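Below you'll find the structure, written out as C-alpha cells, and then a few comments.
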Amino acid sequence: MAMTETRPDAETETATPDPSPTGGLPRPTGGLAGLLGTGRHRSIGRLWVGTSLVFLVVSGGIGAALGAERIKPETYNNAGLGKDTLGQALSLHGVAGVFLFALPILIGLGTIVVPRQVGAHTIAFPRAAAAAYWAYLIGGSIVVVSYLINGGPDGGSQNGVDLFLASLAMVVVALMLGSICIATTVLTFRVPGMTLARVPLFAWSMLVATTIWVVSLGLLFGILVLLYVDHRHRMFVFGPNVQIDEWLRWTVTQPQVYAFAIPVLGFVGDVVPVFGRTRARLYGVQLAAIGAFAALSFGAWTFLQFRHPQMTQQALYVAAGFAVLLPLLAFTGAVVETLRGGRPRLSSPLLFAISALLMLLAGAAAGALRVVEPFHLVGSTADSSVIHYVLGATAIAAVGAIHYWWPHVLTRPLQEGLARLTALVLLLGVILLSLPDIVSGLLDQPEGSLYTDVRDGVAALNGASFAGGLLVLLAVLLFVLNLAVSMARDAEGDAVDPWSGHTLEWVTDATGITVSSPSPLLDRDEGEA
Amino acid sequence: MAVALASDAIGAPPPAPPARPRALLVGTTFACAGFAMAFAGLLGLYAELRASVVRDGGTWIPEEVEIDLTPFNVALAGLIISIVILHWALYAVGNDDRPRAYLALGLTALLGASYINSIAFSYTQMGFTVNDPTGVGILVYVITGMHLAMAGAGVIFIALMAFRTLGGQYSARDREGIVAALIYWYVTVAVYAVIWFTIFVTK
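From first to last, the protein sequence lines stand for chains H and F. Under my numbering, the letters of the first sequence match residues 1 to 529, in that order. Under my numbering, the letters of the second sequence match residues 1001 to 1203, in that order.
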C-alpha cells in the first residue's frame, strides 16, 4: 500500500513510503509524449519553474524599457515607447511579473518540493496539476499575444482586449488549480506522525499561501468574467479599456501583494536551521507568524479601492499596513535566535534566504510608510517601490530555492561562487530598484502617469532605480549562466542530500524514519550518534 | 478437503479500513472556497452599485423588467429538496443500499438539471438586457450565468460519483466522493440562496 494513501492520523508513527520510483504512477514514456502526458510532480514543477523564468525575462525587459523612459520624467509619456503604448507596457510589466512569474514559480517550486517534504511520492490530483500547467502556458502565452495585437488594458483593439480578459481568466483558473493541488497535498498526504505543527515551514507556508491565493484568485476570476461580458458586448459600463487596470490594481497593492511572498518565509525558515547547523528555534512562533502574515495579506476586501480612494485613509487599511510588520518581526526574531544558537555557514542558500527576508521586511516597512496619510504616498512611485521590494523578495527566494533544492529541481549542483555573486547582485539590484522610488514618491512623482512638474533629484533617483533594474537583469543572466554551466556537466552520482537537510525531502526512502519533530532527519542522525 | 475452524470465522480481526487520504474532499472544499469568493465579490459589487444608484435617486431595476418570484422560489425549493435527497444518497451508500443510492443520486442530478432549465427559461421572461447603462443587466446575467455553470458542474460531479458508486468505488466503507459532492452541492445551493435574496427578492 502506498504510504501516501495512509490517513495522517493513523496510529503508527513510522513513515512507510512507496518504494517505487514513480510513486505508483505509470512509468513515464520519454520524449514529447512523455512530457505532454506526464503526471510526475517533479516534471510538472520544472515546467512551471522554467516557463515562469521566461516570463520573468519578458516582464523584466519591459520594466527596463520603462525604467529607461523614466530617467527623463518630463518626457515620460512621449518618448521611446510612445504615448499609446506606455499604459500597455506598464500593464504587461505588472501582469507578467505577478501572474506569469511570481505566482507560477512559487507553484512550480511547491509542486516539486512540497510532496517530498510531507513524505509523499506524488502530488494530489497529478492530472489536474498537469492540466493547470498547460492551461497556464497556453493562457499566459495568449496574454502576451493579446498585448502584441494592441490588446490588454489600455489597448486599442477591442478584440485584443477581449482576448486579454479571457486569457488572463484562463491563467487565473490554472493558478487556482495548481494551488488546490498543493494545499490538498499538505493536508492529506502527510506521513504518519507529521502533524501540522511538525510540517516543514516551506510546506506550511505553501499551504497558507495557496489558501489565500485560491480565495483571492476566485474573486479575480469573477471580476474578469464580468469585465469580459461587459467589453464583449461593447457596453463599457464598468469602464473602458483604460480602466481595466484599475480593476486589477488591488492584486498588486498592499495588502494583497504580500500574499505573493508568503512562501518566502517558508523558504527562509527551512534554510536557516540547515545552514545554521542547529535546530529551528521558536518553531511554533514561526508557524504562527507565517499564518498571521498570510491572514493579514488577504486583500480581496480592497478590490473596490479605486471607486473609494478614501479607503486607503481608513483606519482598517492603515492598521493592516502596519500590522503586517508584526508577524514579520516575530519571524525574523525566531530566525535570528536560530542563527544565534548555531554555527552558521554562509553558503549561497543562506545568502539568498537572508536577502529575501531583508527585502520582504523592507517592503513591509515601505508599505507601512505608504499608508501614513500626511506623506501622500498612495498613487505615487511608492506603490511600485512596495511591489518591487516584495516581488524582489519573491524572486530572490525563488532563485535561492532552486539553488537549495537543486537535487529536486535540476539534478546537477550550481556553482557556489557564481551563486553567491548572483545573490549579492540580486540583493543590490532589488534595493537600488525599489529604494529610490520611495524617495521620489515623497517628492510627488506619480505612479505611471503623465508627469510634467519634475522636482530636483527625481531624475537622478529614477536613474538609480533604472540601474537597479539592470542589476536585477544581470543577476538573472548570472543565474542562467550558472544553470548552463551546471547542465553542461555530467551528473554527479546520487547527491541526495548535499546540505545535510533536516526534512523528509532529503531522503529517497523514508522507511523507518519516525516523525516526532519538525526535523525528523536530525532526530534520526542524533539517534544514530 | 479444507476444514473450516471456528476460530477462522470468530477470531479473525475485521478487515482494515480502506486507505482514504480524503484528497477529493479537501480539494473540493478548496475549490468551493474559490467559487464562493467569486460570487461574494460580484454580489458585493451588485449591492454597492445598487446602493449608489438608489442614493442618487435613480432606478436600479429598469421599469420594463418584470421579476416574477414564483419560478425563483420554486427553484430554491427544488435545490433545498435536492440537498435532502443527496443526504439520502449518502445514507443509502453508507448502508450499502445501492438501488436507493442510485435513485437518490439520479433524483438529485435531475433536480439540478431542472433548476438550470427553470433559470434559463426565466431569462426569456424577465426582460433584462445587457444594454443597460447602470450595469444591472450585465451583473444579473454574469452572476446567475456563473451560477448556472456551477450548478451544471455540480450535476456532472454528482453523475460522476453515481457512476463511481455503480462501479463499486464507494460503499459503506468509503463515501468520500459522495461527501465531496454533497459539500459542493451545499455551496451551490447556499450561493443560490444569496442570489435569490439579493437579486430577486430585494431587487
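Ideal Cβ placement from N, Cα and C applies to all residues, glycine included. Given the structure is predicted, the values throughout are model-derived calculations rather than measurements.
When you compare the region 503-512 of chain H with the region 114-130 of chain H, are there three or more beta-carbon pairs, one atom per stretch, that lie closer than 8 Å? yes
Burial state of threonine 1124 of chain F (16 or more Cβ within 10 Å): exposed
Taking the alpha helix (DSSP H) that serine 1114 of chain F belongs to, which residues open and close that run? 1098-1126
Kindly identify the DSSP beta-bridge partner or partners of aspartate 444 of chain H. DSSP, once it has assigned bridges, lists no residue as partnering aspartate 444 of chain H.
Interface flag, proline 1133 of chain F vs chain H, CB-CB below 8 Å: yes
Among H:Thr188, H:Ala102, H:Gln158, whose alpha-carbon lies nearest the alpha-carbon of glycine 140 of chain H? H:Ala102
Would you check if the region 145-163 of chain H and the region 90-109 of chain H touch, i.e. whether three or more CB-CB distances between them fall below 8 Å? yes
Can you tell which of H:Tyr136, H:Ser91, H:Phe99 has its C-alpha closest to the C-alpha of arginine 47 of chain H? A quick correction: the sequence has leucine, not arginine, at residue 47 of chain H. For leucine 47 of chain H, the nearest C-alpha among the options comes from H:Tyr136.
Helix, strand or coil for serine 380 of chain H, going by three-state DSSP, please let me know. strand
Helix, strand or coil for aspartate 497 of chain H per DSSP? coil
What residue from F:Thr1165, F:Tyr1102, F:His1147 has the CA that sits closest to tyrosine 1186 of chain F's CA? F:His1147
Can you tell me whether serine 347 of chain H is helix, strand or coil according to DSSP? coil
With which residues is aspartate 1174 of chain F paired in a DSSP beta bridge? F:Ser1171
Name the chain F residues that come within less than 7 Å of isoleucine 180 of chain H, Cβ to Cβ? Gly1027, Phe1030, Ala1031
Which value, in whole angstroms, describes the spacing of the CA atoms of glutamate 1066 of chain F and threonine 1108 of chain F? 30 Å
Backbone secondary structure at alanine 1193 of chain F - three-state DSSP: helix
Let's test the definition: count the other Cβ atoms within 10 Å of the Cβ of leucine 1166 of chain F and tell me whether it reaches 16, buried, or not, exposed. exposed
Using the beta-carbon of each residue, which ones in chain F are nearer than 9 Å to methionine 176 of chain H? Phe1030, Ala1031, Gly1034
Have a look at threonine 1029 of chain F and arginine 40 of chain H and give me their C-alpha separation to the nearest angstrom. 24 Å
Start and end of the alpha helix (DSSP H) containing valine 1044 of chain F? The residue you asked about is not valine; residue 1044 of chain F is glycine in the sequence shown. 1023-1055 is the span of the alpha helix (DSSP H), which, as asked, contains glycine 1044 of chain F.
With the cut-off set at 8 Å, would you say arginine 1175 of chain F and valine 1054 of chain F are in Cβ contact? no
Any residues in the region 231-249 of chain H with a beta carbon nearer than 7 Å to a beta carbon of chain F? Which ones, in chain order? His233, Met235, Val237, Phe238
Going straight from the alpha carbon of methionine 1126 of chain F to that of isoleucine 1061 of chain F, what length do you get? 11 Å
Please confirm whether alanine 393 of chain H and valine 264 of chain H have their CB atoms less than 8 Å apart. yes
Step through the CB atoms of chain H and report whether any lies within less than 8 Å of the CB of methionine 1037 of chain F. yes
Asparagine 1073 of chain F, enclosing alpha helix (DSSP H) - first and last residue: 1069-1094
Taking the alpha helix (DSSP H) that tyrosine 147 of chain H belongs to, which residues open and close that run? 126-148
Can you find a C-beta in chain F that's less than 8 Å from the C-beta of glycine 222 of chain H? yes
Run the CB neighbour count on leucine 481 of chain H, radius 10 Å, all protein chains shown included, and call it buried at 16 or more, exposed below. exposed
Alpha carbon to alpha carbon, what distance is there between arginine 42 of chain H and valine 409 of chain H? 7 Å
Under 9 Å between beta-carbons, which chain F residues line up against phenylalanine 125 of chain H? List them in chain order, please. Ala1023, Leu1024, Gly1027
Could you pull out every residue in the same chain whose Cβ sits closer than 8 Å to the Cβ of phenylalanine 221 of chain H, ignoring the five residues on either side in sequence? Ala169, Val172, Val173, Met176
Whole-angstrom distance between isoleucine 44 of chain H and tyrosine 133 of chain H, CA atom to CA atom: 7 Å
Counting only Cβ pairs nearer than 9 Å, list the residues of chain H close to isoleucine 1183 of chain F. Here the premise fails: no neighbours, minimum Cβ distance about 14 Å.
Candidates F:Leu1079, F:Gly1058, F:Thr1059: which alpha carbon is nearest valine 1194 of chain F's? F:Leu1079
Does chain H have any CB closer than 8 Å to the CB of valine 1191 of chain F? no
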